[in-house]
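Visitor: Pasting a structure below so you can have a look.
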Amino acid sequence: MLMVLVYITMDAHGLQDMPVMLSLLILFRWIQLTWSCRAFGLVGEKILPIMQASFSAHIKGILVVTFCILLGFLHGAMALELGNDLPQHYAVVLGSLKLLLLGDGDGIDVTLGLGNAEEGNPITFLFLFAAMVVFCVCVLNLFIAVHGEAYDSAQEKAFTTFLQERAGICLHCLLRPSWPPRCCQYWRVQHRISVYICLQIFVLAAWALLLREESINVLAPTALLGASAMLGDAILVQRPWNKTSGDKYYLWMCYKESFDTAAQNAERDAGQYAALQAAVHGDQFNVQTAWRAVPDSEPEGPGNGEPPSRP
């Protein structure tokens, strides 16, 4: 909707007027779209471990250490640049970030040339060596290792986390306003998806036509679009029960539709059978060991001294 609005109003409003706001809005919209995909099984089990690993408690400590050491080297590089008659702090910060985070060759040249030392001096060389060993080799590798460990830990619980997240989304939808309202209990929609699609097509057409009319304030089509979105969402989350039956209480459970109880029972029975087999083998071994320990003076079993066979 935002891109359509920008395209329609591009003659009256230039994108160069507010480029920062547009850039931030586009970035957050893509992040929001990615986060919305967590409800689908195809990508939900991949997105949630990444988000959990990035914001887990295990990574907070190494993140603080990495950030502090990074700022320390940036501050030190800017201090060495004060030896130059015309300090270029922006170029120094950019080159230092290239060196510390990317290991770029331009960053090495910038670091060696700190303080108007074109080919470098012992101070800039030692600073470069310390930055590469301490930050690039040690700190960054530790950060990657801790982040990888947090991701592996989250990946082990990916399926359970995905089901919990989907259950939370279902609960959030159940708590939203739904159609019909309490004052109109019997105005129920039979074909919700078809009605929703027709409603949105009609409203989008009216919205585009209203935007073309210069005499109409832009708040009118915006309000129409917002009202249609709210009404459509209320129709989609229409409850399958009648609200007049307030004396009935229901327990709703969220579960995987493809969950097979027979497979779960078979797996449980297989585990119990394996445990029983192990117990039987253990009993047989104990009986044979006890039989061999019987003195020779004791009466032997049938045959040539072997333990009696099981019936």
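Read in order, the letters of the sequence shown correspond to residues 8 to 318 in the working numbering.
In this text, a Cβ means the ideal position worked out from N, Cα and C, and glycines have one as well.
In this text, all values refer to a predicted model and were calculated from it rather than measured experimentally.
Please give the ranges of any alpha helix (DSSP H) in the segment 51 to 115, keeping only runs that are unbroken, at least 4 residues long and fully inside the region.
Guide: You should have 65 to 88 and 96 to 104.
Visitor: Given this structure, state the Cα-to-Cα distance separating V27 from R246, to the nearest angstrom.
Guide: Sequence index remark: in the sequence shown, residue 27 carries index 20 (1-based). Sequence index remark: in the sequence shown, residue 246 carries index 239 (1-based). Each residue's Cα considered, the two are about 42 Å apart.
Visitor: Between the Cα of G110 and the Cα atoms of C205, N91, L135 and G68, which residue gives the shortest distance?
Guide: Walking along the sequence shown from the start, residue 110 turns up at place 103. Here the closest residue by C-alpha is L135.
Visitor: Is the separation between the beta-carbon of G112 and that of E88 shorter than 8 Å?
Guide: Counted from its first residue, the sequence shown places residue 112 at position 105. Counted from its first residue, the sequence shown places residue 88 at position 81. Taking 8 Å as the Cβ cut-off, G112 and E88 do not qualify as a contacting pair.
Visitor: Please determine if the segment 208 to 220 and the segment 173 to 192 are in contact, where contact requires at least 3 C-beta pairs separated by less than 8 Å.
Guide: Segments in contact, no.
Visitor: Specify whether the segment 84 to 102 and the segment 186 to 199 touch according to this definition: at least 3 beta carbon pairs, one from each stretch, less than 8 Å apart.
Guide: In short, these stretches do not touch, since the Cβ pair count stays below three.
Visitor: Could you tell me the alpha carbon to alpha carbon distance between L108 and A64, rounded to whole angstroms?
Guide: In the sequence shown, the residue the question calls residue 108 occupies position 101. In the sequence shown, the residue the question calls residue 64 occupies position 57. Near 23 Å, if we compare the C-alpha coordinates of A64 and L108.
Visitor: DSSP state of Y6, grouped into three classes?
Guide: Residue 6 cannot be examined here, being either before or after the span of the chain that is shown, 8 to 318.
Visitor: Got a sec? Which residues, its chain only, sit under 8 Å from P318 by beta carbon, not counting five neighbours each side?
Guide: The sequence position of residue 318 within the sequence shown is 311, counting from 1. Any reading at P318 needs caution, since the residue's pLDDT is 46, under 50, leaving its predicted position unreliable; the model's value is listed next. Excluding positions up to five away in sequence, the list is empty.
Visitor: Excluding the five sequence neighbours on either side, which residues of its own chain have a C-beta within less than 6 Å of the C-beta of A286, listed in chain order?
Guide: By 1-based counting over the sequence shown, the position of residue 286 is 279. No residues qualify anywhere along the chain.
Visitor: Spatial neighbours of T73 within its chain, please: C-beta separation below 6 Å, excluding the five flanking residues on both sides.
Guide: As a first step, residue 73 must be located in the sequence shown, where it is residue number 66. V146 and F150, listed in sequence order.
Visitor: Flag this pair as touching only if the segment 114 to 130 and the segment 47 to 66 have three or more C-beta atom pairs under 8 Å; answer yes or no.
Guide: Counting Cβ pairs under 8 Å, fewer than three are found: no touch.
Visitor: In the DSSP assignment, the alpha helix (DSSP H) including I204 goes from what residue to what residue?
Guide: The sequence position of residue 204 within the sequence shown is 197, counting from 1. That run of the alpha helix (DSSP H) goes R199 to R219.
Visitor: Quick check on E125: does DSSP put it in helix, strand or coil?
Guide: Here residue 125 corresponds to residue number 118 of the sequence shown, with the count starting at 1. Looking at E125 - three-state DSSP - the assignment turns out to be coil, as it is neither helix nor strand.
Visitor: Alpha carbon to alpha carbon, how far is H154 from C75?
Guide: Indexing the sequence shown from 1 puts residue 154 at position 147. Indexing the sequence shown from 1 puts residue 75 at position 68. H154 and C75: Cα-Cα distance of roughly 17 Å.
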